[in-house]
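Working notes for the structure below.
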Amino acid sequence: MAQDSGTRTLISQAQLQRGRGRVLYWTLLAVVVVVFTLVFIGPLYWMVTGALKSGQEIAQTPPSLFPKDPQPQNYVDAWNNLDLAKLLFNTFYYATGAVLFQLVLDTAAAYSLSKLRPVLGNVILGLMLATLMIPAMVLIVPQYVTVIDLPILHLNLLDSPFAIWLPLVANAFNIFLLKRFFDSIPEDLMAAALVDGATPLRTLWSIILPMSRPILGVVSIFAVTAVWKDFLWPKLVMPSPETRTVSVGIYAFAGGTPMNVVIAASVIAAIPTVIIFLIFQRNIMSGLTTGSLKG
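Residue 1 is where the sequence shown starts when you use full-length UniProt numbering, and the numbers rise one by one after that.
Spelled out as structure tokens, the structure:
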């Protein structure tokens, strides 16, 4: 029987069923998996074990693979000395606001471009996508100038959470993801809602959003990780010690803090994002692939 063209791969089933081809395939697959696992897990392992080492051990060359005398007290010192509770609360607060702003405004923009189809909507979408080609560092100066003197209102947003929230709202990538997902929702549902007398806003709330939970979860996770890992922008717009994010706070204390304690603080700061990914990884994959399956 001829092999179905829809299931063809780089290696045919006949080659995989042969003894030599099967051994070569599984050997190559195992090597690739092990190498990529070491590449991604290696830095995490070094960070976690480095936080358990003494200052002398972490500075020695070559580095030791396992801590000779594990010191869990480093994590306690990092939590207390760097005031991580305050830094994590600030970062969580900024991340929550970023999620809410993006879910409301980016969803509205994507819904308008996908279902309401305004005049010159494709031109607007194209201009937004063109901004993805601009390096982020190029936008730092105009964004900072805007933050210190907000046009029309003439407000200084330094040390204000809006200095972080507002730039994140203008996210062309998230709008494009949402639009592609909304495009996959059948037009028959929109027509049925229109016949029933539903307004566009009612249709968005009652039909589109309940069906869009996977992609909304993806956008939320992207917003959280963007705030959590960002360093340069929060350092510029949050100069006060009371408003720092966790990445800026760790950097500020690194100068007078032992390296093993700084690494322990970095481990603690990374835990929330790792937990979020492990919990919502299925939502991430389903949200990223659902909108691309439309033929």
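Just so you know, even glycine gets a beta-carbon here, dropped at the ideal spot from N, CA and C. Since the structure is predicted, the reported quantities are computational estimates derived from the model, not experimental observations.
Is it a yes or a no for the region 57 to 72 touching the region 186 to 203, going by three-plus beta-carbon pairs under 8 Å? Fewer than three pairs of CB atoms, one per stretch, sit closer than 8 Å, so the region 57 to 72 makes no contact with the region 186 to 203.
Going by the beta-carbon positions, is the gap between Asn260 and Ser54 smaller than 8 Å? In contact: Asn260 and Ser54 (Cβ atoms closer than 8 Å).
Taking the alpha-carbon positions, what's the Ala226 to Lys68 distance? Answer to the nearest angstrom: the Cα atoms are 36 Å apart.
Nearest-angstrom Cβ-Cβ length linking Met47 and Ser266, presumed shorter than 8 Å: About 6 Å separates the two Cβ atoms, so the contact holds.
In chain order, what residues of the same chain lie with their CB nearer than 7 Å to the CB of Leu178, ignoring the 5 residues before and after it? Result list for Leu178: Asp106, Thr107, Ala110, Ile215 and Val219, in chain order.
Just to check my reading of the structure: Val99 and Val274 have Cβ atoms closer than 8 Å, yes? What is that Cβ distance to the nearest angstrom? For a cut-off of 8 Å, the C-beta gap from Val99 to Val274 is around 18 Å, too long to register as a contact.
Indicate the three-state DSSP secondary structure (helix, strand or coil) for Asp77 in the structure shown. If DSSP states are grouped into helix, strand and coil, Asp77 belongs with the helices.
Consult DSSP for Pro200 and reduce its assignment to one of helix, strand or coil. Note: Pro200 maps to helix in three-state DSSP.
Integer-rounded CB distance, given that Pro200 should sit under 8 Å from Leu116: Indeed, because the Cβ distance is near 6 Å, the residues count as touching under 8 Å.
Give the straight-line distance between the Cα atoms of Pro210 and Ala254, rounded to the nearest whole angstrom. CA-CA distance, Pro210 to Ala254, rounds to 45 Å.
Residue range of the alpha helix (DSSP H) that includes Trp165: Phe162 to Val169 is the extent of the alpha helix (DSSP H) around Trp165.
May I have the straight-line CA-CA distance separating Ile263 from Gly50, to the nearest angstrom? Roughly 7 Å separates the two Cα atoms.
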